[in-house]
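Residue numbers (the working numbering): 9 to 505.
Glycine is no exception: its CB is placed at the ideal position from the N, C-alpha and C atoms.
Here's what the structure looks like:
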């Protein structure tokens, strides 16, 4: 069986776009997410919107996969599979947007040479949440600098000197790291590095005026290389592909920046789900409260009631109603985006959670639920009370489910152990201070447990018993119902109210 590369491509029968003629994008990161998200969008835009943008992938760490990528001449297969409009879908495509990979650890001169290519216009990155950090440890003469901001500042200075600070020679930067205001943070790191290296005011002015550091929000579940089914897929393709990637069909890229960048990034023209905006904040809030909040508010009670994966919840009428009521009746009314946008996003969440190819284990999602609940659910509860003057019944119940899940009976190997109604034990994984607190509640009545948890200022930033009228009594009643009737019966009751 042949290996996918430029030589074998003409003999391969598979959907593909068009190969770009110009290298216009520098991308820091070669992982599955960027290839299933950004490089796919560029490939679509090359085919459908005439973008003609080739991507040079820069390996951001010393050991990476650009060697494997180059063995296939930047080519790889992407499978997008799941549900769209209630129907199963599977789209398979050979992505041609990547022209080559480059390691600055092996070819630093080649890395700097990218800055001399006038066609280069876009810089994309995904160097993990820890990637956008100013360390103060990089030196200008390092080959390469250790941190991403260090590497980037060196490349931008090379660009500045190569073209004498000429107008129009800057970049559109699209960081995809999962931190708040990633573009603003990246610019700040570069400015600090420029000061550390004494690169001068002229460079700093060019950095800020000729480059656009966009804050972005990215959203797509990427399941990566399908190890368990790779050989079967190869047989169906008729070729091997060591860079094979898989993801869900849903993808959203929210890009904060000036209106004119939409013309330079023709992703919407290619049919991709991209939002250009002056403020990314409402979309981040929508994702945290609706997508993440729906996860966190549902999974703990669902697990206690006997379910194992998110797909189980979507196939169960009671849990589906539970999440529907939470999303449409309680979470959406706390958000200020247009109703049609919120409804479309909510519908997409249901399809994403129902995707049979994404086996999201409830126990995995339950990891560190105390901090997740504080960030994802509690603000919605407070905002709902502020706007409606009453408690949101599902989200209030979800607090009781959180407490019930954390009420274990013994500590073991750094975790706290709980037991479901069926009798099987499960690990409760969180910070030690959280587990120690719950361990001290073992054997107390539901009302006392609810009071102690809700009044824990270290958990919530305030005493919820004093702050939220009626919240303690409602949570205590639901917690008692879970303890006495079981999670399933308690969920059925709250859904039916």
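In its chain, beyond the 5 residues on either side, 423 and 425 have a beta carbon closer than 7 angstroms to the beta carbon of residue 435. For the set 142, 29, 234 and 64, the Cα lying nearest the Cα of residue 88 is the one of 234. Short of 8 angstroms from the beta carbon of residue 154, and not among the five residues preceding or following it, lie these beta carbons of its own chain, in chain order: 143, 145 and 146. Beta-bridge annotation (DSSP): residue 141 is not paired with any residue. The bridge partners DSSP lists for residue 92 are 95. Around the beta carbon of residue 10, a 10 Å sphere encloses fewer than 16 other beta carbons of the protein chains shown; the residue is thus reported as exposed.
Pairing residue 125 with residue 104, the inter-Cα distance amounts to about 20 angstroms. Residue 339 sits in a helix when the DSSP states are folded into three classes.
Of the candidates 177, 268, 136 and 175, 136 places its Cα closest to the Cα of residue 183. DSSP places residue 35 in the uninterrupted beta strand (DSSP E) bounded by 31–36. Per DSSP, the continuous alpha helix (DSSP H) segment holding residue 211 begins and ends at 209–217. With contact defined as three or more Cβ pairs closer than 8 angstroms, the stretch 327–345 and the stretch 274–283 are not in contact. Judged by DSSP secondary structure, residue 404 falls within the alpha helix (DSSP H) whose first and last residues are 401–414. Contact check for residue 122 and residue 163: beta-carbon distance about 7 angstroms, within the 8 angstroms limit, so the pair qualifies. The Cβ neighbour count for residue 398, taken over all protein chains shown within 10 Å, is under 16; the residue is labelled exposed. For residue 445, the closest alpha carbon among the candidates 411, 429, 428 and 474 is that of 411. About 6 angstroms separates the CB atoms of residue 32 and residue 130; that is less than 8 angstroms, so the two are in contact.
Annotation for residue 244: the continuous alpha helix (DSSP H) segment containing it runs 238–245. Shown here, residue 40 sits in a helix according to DSSP, grouped into three states. Around the CB of residue 495, 16 or more other CB atoms lie within 10 Å, so the residue is classed as buried. Here residue 325 is exposed, its C-beta having fewer than 16 other C-beta atoms within 10 Å. Judged by their CB atoms, residue 309 and residue 385 are not nearer to each other than the 8 angstroms cut-off.
Taking the Cα positions, residue 460 is about 15 angstroms away from residue 413.
For residue 162, the uninterrupted alpha helix (DSSP H) run begins and ends at 156–170, by DSSP. Residue 226 has its alpha-carbon roughly 20 angstroms from the corresponding atom of residue 346. The three-state reading of DSSP puts residue 442 in helix, counting H, G and I together. For residue 63, the enclosing beta strand (DSSP E) covers residues 62–66. At the C-beta level, residue 112 and residue 66 come within 8 angstroms of one another.
The C-beta separation of residue 252 from residue 84 comes to about 6 angstroms, placing the pair in contact by the 8 angstroms criterion. A Cβ-Cβ distance of about 5 angstroms is found for the pair residue 361 and residue 318, placing them in contact under the 8 angstroms criterion. Annotation note: the stretch 336–390 contains no uninterrupted beta strand (DSSP E) run of length 3 or greater. Comparing alpha carbon positions, the residue from 407, 119 and 52 closest to residue 27 is 52. By the neighbour-count definition (other C-beta atoms within 10 Å, threshold 16), residue 418 is an exposed residue.
The stretch 427–443 makes no contact with the stretch 338–356; the number of CB pairs closer than 8 angstroms stays below 3.
For residue 299, the closest alpha carbon among the candidates 343, 287 and 265 is that of 343. Boundaries cannot be given for residue 129, as no beta strand (DSSP E) includes it and DSSP labels it neither H nor E.
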